[in-house]
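A quick write-up on the structure given underneath.
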């Protein structure tokens, strides 16, 4: 569990900590990646969903703290994304086809996301250079 928290939550803190001095000079933006399970939870996997919820809370707090410096902080929360890790996880299940159908059937768009959609959502979440104030958004992809 320590590894999952370090990978999914502590890494967000450490990367942001290193980037903030530069972003203060450039008035840049931070886009953190969480997960839909950070918003709604997931059975039998609290070790994964807890740090993802922490990323959302940390992002919101950072947005409040960094707004006076002109730094925007947003958080993207994708659902199932078709990656080798997800495919491997489904393959390890007792009934992989049924498990995959159950997972994708529980989300509104009833399909896997592909990585390029995740990239597009991250770009969409960046504040416009025309806006003078940073904004906070938590985007649940697909809605």
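Numbering (our numbering), first residue to last: 60 to 202. Each residue gets a CB set at the ideal place from its N, CA and C atoms; glycine is no exception.
Secondary structure within the stretch 72-153: the beta strand (DSSP E) runs of 3 or more consecutive residues, fully enclosed, are 88-92, 131-136 (chain order). Two segments are said to touch when three or more pairs of C-beta atoms, one from each, lie closer than 8 Å; by this definition the stretch 133-151 does not touch the stretch 102-109.
Annotated as distal: residue 135 and residue 88, with beta-carbon spacing of 8 Å or more. Straight through space, the alpha carbons of residue 76 and residue 109 are spaced by roughly 21 Å. Taking the Cβ atoms as the reference, residue 111 lies roughly 3 Å from residue 97, within the contact range of under 8 Å. Here the alpha carbons of residue 74 and residue 80 stand approximately 11 Å from one another.
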